[in-house]
Every structure is written in structure tokens, then in C-alpha cells.
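The numbers in UniProt numbering rise by one with no breaks, and the one at position 150 of the sequence shown is 150.
These notes concern the structure reproduced below.
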Amino acid sequence: MLEQGMSVPAVTLTDADGVDFTLDAYQGKPLVVYFYPKADTPGCTNEAKDFTALADDFAAAGMPIVGISKDKPGKLKKFADKYGLRVILASDESGAACEAFGTWVEKSLYGRKYMGIERATFLVGADGAILRIWHKVKVKGHAAEVLEAVQAL
């Protein structure tokens with residue numbers, strides 16, 4: 001499990017256009033990384049739309065936003081196009097990023113246990129160190145809370 005002060009894991013992801021990249025590519029810049037369970041579902045859609053609505057404010061603070069799920073790049077592309085999303089959507093099909101960040105967890109729904117992505121957000125400093133972590137995120141108001149933390153840096 002990652003903790004504040006630890007370095008962001010060096011994992012390879014694939015963006016919505018099918019291009020591979022690593023979070024190391026953002027070294028020298030602060031970064032917001034958020035994990036969400038599944039593209040084009042109500043909570044995940046609202047979260048992505050909320051971050052998109054504040055994208056100009058995050059950009060003014062020099063803060064790219066990367067949303068990560070296990071969805072295939074093609075699904076992410078459709079999701080981004082459908083809602084006009086202005087965040088970087090990344091595919092972690094292998095689950096390596098979810099494992100490295102500690103967001104692949106046992107969940108329970110109606111008494112049934114299964115493995116899935118915990119909705120979580122990581123604020124990463126320009127030096128690659130994790131400055132703040134939000135676990136078990138509730139979508140409503142979360143993007144604004146993250147922006148507030150960014151602006152306080």
C-alpha cells in the first residue's frame with residue numbers, strides 16, 4: 001500500500017489512443033492520478049465530468065489529471081468522446097498499476113465478495129513523491145476537494 005512521501009510507481013499504461021506511456025513521463029510536474037472502477041458507469045462518468053469541468057483550473061496550476069481503469073483503450077476513447085472529457089484516460093488492462101497503487105481490493109456487493117478497483121486519488125508532487133491520498137472516494141464534490149488541495153500547494 002502506498003503512503004504519503006513514497007515515490008509514484010513506475011508503471012506502463014496505455015492512453016485512449018492506444019499509446020503507451022509511464023507516469024515517469026510527468027517527472028518534473030505535479031500530477032493528479034485517480035483510479036475508477038469502470039468507464040461509462042454513473043459514478044465514474046460523474047467523476048470524470050467533474051474533473052473535466054475543473055480542467056482549466058487544474059491546468060492553470062500546472063496539474064495534469066490522469067484517470068486509470070482496467071478498461072480497454074477503445075472503450076476509454078468512446079467514453080472520452082461521448083462526454084467530451086478533458087482528462088487523460090489510461091488503461092491498466094494488466095492491473096499492474098492497480099496493484100502498485102494498492103487500489104485492487106476485495107469489495108462486497110449484496111454479500112457477494114469480488115475483486116475490483118477502489119476509487120482513489122493520488123496527488124503527486126513534481127519530484128514524483130505522493131503528497132496526498134484519498135481512499136474510498138465519494139464522487140460528489142471530490143474533484144473540487146482535490147483542486148483545493150492543489151491550489152494550497
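Virtual Cβ for every residue (Gly too), placed ideally from N, Cα, C.
Taking the CA atoms as reference points, P42 sits about 28 Å from P30. Between A152 and E93, the alpha-carbon positions lie close to 34 Å from each other. For M6, the number of other beta carbons within 10 angstroms of its own is below 16, and it is reported as exposed. The Cβ atoms of A90 and D24 do not sit closer than 8 Å to each other. With 16 or more other Cβ atoms inside 10 Å of its own Cβ, L85 counts as buried. Counting the other Cβ atoms within 10 Å of the Cβ of K70 gives 16 or more, which makes it buried. Rounded to the nearest whole angstrom, the CA to CA distance from W134 to V105 is 15 Å.
Annotation for A80: A16, L89 place their beta carbon closer than 7 Å to its own, counting only its chain and skipping 5 residues before and after. The DSSP assignment places complete beta strand (DSSP E) segments of no fewer than 3 residues inside the stretch 47 to 74 at 65 to 69, in order along the chain.
Annotated three-state conformation of L131 is strand, per DSSP. With respect to F51, V87 sits close: the two C-beta atoms are nearer than 8 Å. Shown here for P37: same chain residues with a beta carbon closer than 7 Å to its own, the five before and five after excluded, namely C44, S69, G116, I117, R119 in chain order. Shown here, Y34 sits in a strand according to DSSP, grouped into three states. Contact between A143 and L54 holds: their C-beta atoms lie close to 5 Å from each other, under 8 Å.
Between the C-alpha atoms of G102 and V66 there is a straight-line separation of about 16 Å.
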